[in-house]
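**Student:** The structure that follows is given in the form of structure tokens.
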Amino acid sequence: MSIVVERLGQGPDLVLLHGWGMNGAVWHGIAPLLSPHFRLHLIDLPGFGASSLAEGVDYDLNWLARQVVAVLPPRAHLLGWSLGGLVASRIALDEPDRVASLITVASSPCFMAREAWPGIAPKVLEGFMAALGGDFRQTVERFLAIQAMGSEHARDDIRQLKQWLAERPAPQLAALTAGLTMLAEVDLREELAQLALPWLRVYGRLDSLVPRAGIPLLDERYPRSESQVLSKASHAPFISHPGPFVTGIREWLAMAGGRAD
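Each number in this note's numbering comes from the position in the sequence shown (counting from 1) with 2 added on.
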């Protein structure tokens with residue numbers, strides 16, 4: 003098994019981790035806006051895109067984080083979208099000396115809705131898990147549609163996501179299943195309270211997978227972090243609103259110690 007990393011640009015190292023069902027090509031829309039200022043590392047997580055997955059692997063968040071750490075530059079800014087945000091958070095907790103700053107995008111330390119905690123309804127994730135046993139490609143496309151729900155550019159967002167997904171090999175079923183299990187079971191809320199790294203949390207106000215009701219709860223729980231909310235964006239703000247998204251990232255990284263001009 004080997005992790006495939008696409009590298010481009012110049013400047014401080016910025017590693018980008020995609021979400022469930024996707025691959026590193028999802029960043030191609032904003033790469034031209036970031037590559038003049040950063041050395042980008044667009045990673046295909048194991049079992050997604052061009053990164054193959056061997057049989058018999060105990061595919062959980064800890065294992066996944068270790069695989070990514072093995073291909074990280076010595077010290078990098080780490081940006082993770084959705085499921086990739088969980089991976090980035092796990093790395094920041096386990097390997098803080100390897101991470102200059104953490105950026106989580108449309109992500110949550112606990113995706114599943116629980117008592118007094120807004121999130122994805124359990125029946126939704128259970129439905130996706132059951133559907134994987136049939137046509138898993140159709141299941142991924144349904145998930146893409148939910149990601150764009152609420153965006154003013156929903157149809158364009160879905161079309162763009164499908165295009166990038168098709169640029170690389172289809173995800174492997176084992177990786178899809180493991181990823182859904184992580185979304186259902188992982189809860190990093192308590193651990194992340196101890197995180198001392200610079201941390202930016204970016205959200206789309208119209209996101210149906212990471213409800214905006216959870217943002218003030220996270221603001222209160224993690225007072226050392228900062229949050230940005232794109233008012234007209236959904237679960238993929240870097241696709242629907244690439245300009246404001248990149249501007250916010252660059253300005254914050256400049257303050258966090260990453261040269262962005």
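Built from N, CA and C at the ideal position, the CB exists for glycine as well. Given the structure is predicted, the values throughout are model-derived calculations rather than measurements.
Beta-carbon within less than 8 angstroms of Q230's beta-carbon, same chain only, minus the 5 sequence neighbours each way: which residues are those?
**Tutor:** L202, R203, V204, Y205, G250, W254
**Student:** Let me make sure I understand the geometry here. Which of R226, P213, L220 has the alpha-carbon closest to that of S233?
**Tutor:** Cα-wise, what sits closest to S233 is P213.
**Student:** Among S4, M131, S110, which residue has its Cα nearest to the Cα of G121?
**Tutor:** S110
**Student:** Helix or strand or just coil, what does DSSP make of S242?
**Tutor:** helix
**Student:** Would L208 be called buried (16 or more neighbouring beta carbons within 10 Å of its own) or exposed?
**Tutor:** buried
**Student:** Looking at the unbroken alpha helix (DSSP H) that takes in Q149, where does it start and where does it end?
**Tutor:** 138-150
**Student:** So, P218 versus A108, is the Cβ gap smaller than 8 angstroms?
**Tutor:** no
**Student:** Considering only the alpha carbon of each residue, which of E187, R139, A90 lies closest to L127?
**Tutor:** E187
**Student:** Considering only the beta carbon of each residue, do F184 and D46 sit closer than 8 angstroms?
**Tutor:** A quick correction: the sequence has Met, not Phe, at residue 184. For M184 and D46, no; Cβs fall outside 8 angstroms.
**Student:** Roughly how many angstroms separate the alpha carbons of L19 and Q69, rounded to a whole number?
**Tutor:** Straight-line Cα distance between these residues: approximately 12 angstroms.
**Student:** Quick check on this structure: which residue in R223, A168, L211, R170 has the alpha carbon closest to the alpha carbon of A195?
**Tutor:** R223
**Student:** DSSP beta-bridge partners for A78?
**Tutor:** V101
**Student:** For I32, which three-state DSSP category applies?
**Tutor:** Here I32 sits in coil by DSSP.
**Student:** M303 by DSSP, collapsed to three states: which one?
**Tutor:** In this structure the chain extends from 3 to 263, so residue 303 is not present and cannot be described.
**Student:** Mind checking who M114 pairs with in its DSSP beta bridge?
**Tutor:** I122
**Student:** Ordered along the chain, which non-local residues of its own chain (more than five positions away) have a Cβ less than 7 angstroms from that of P74?
**Tutor:** A quick correction: the sequence has Leu, not Pro, at residue 74. These residues qualify, in order along the chain: V17, R100.
**Student:** Please list the terminal residues of the continuous alpha helix (DSSP H) segment that includes L220.
**Tutor:** 217-223
**Student:** Can you confirm whether the stretch 171-178 touches the stretch 46-59 when touching is taken to mean that 3 or more C-beta pairs between the two stretches lie within less than 8 angstroms?
**Tutor:** Result yes; three or more Cβ-Cβ pairs closer than 8 angstroms.
**Student:** Measure the alpha-carbon distance for S242 versus L66 and round it to whole angstroms.
**Tutor:** Cα to Cα, S242 sits roughly 28 angstroms from L66.
**Student:** Out of curiosity, what's the CA-to-CA distance linking F1 and A235?
**Tutor:** Since the first residue shown for the chain is 3 and the last is 263, residue 1 is missing from the structure and cannot be characterised.
**Student:** When you compare only the Cα positions, how much space is there between M24 and R9?
**Tutor:** 18 angstroms
**Student:** Please report the straight-line C-alpha distance between F145 and G82, rounded to a whole angstrom.
**Tutor:** If you draw a straight line from the Cα of F145 to the Cα of G82, it is about 18 angstroms long.
**Student:** For a quick check, are the C-beta atoms of V248 and I32 less than 8 angstroms apart?
**Tutor:** Cβ atoms of V248 and I32: closer than 8 angstroms.
**Student:** In whole angstroms, what separates the C-alpha of L134 from that of W22?
**Tutor:** 13 angstroms
**Student:** Bridge partners for S229 per DSSP, in chain order?
**Tutor:** R203
**Student:** Could you check if S53 is buried or exposed, using at least 16 other CB atoms within 10 Å of its CB as the buried criterion?
**Tutor:** buried
**Student:** Let me make sure I understand the geometry here. Which of W166, P76, Q140 has the alpha-carbon closest to that of D26?
**Tutor:** According to the sequence displayed, residue 26 carries Gly and not Asp. Closest in alpha carbon position to G26, among W166, P76, Q140, is W166.
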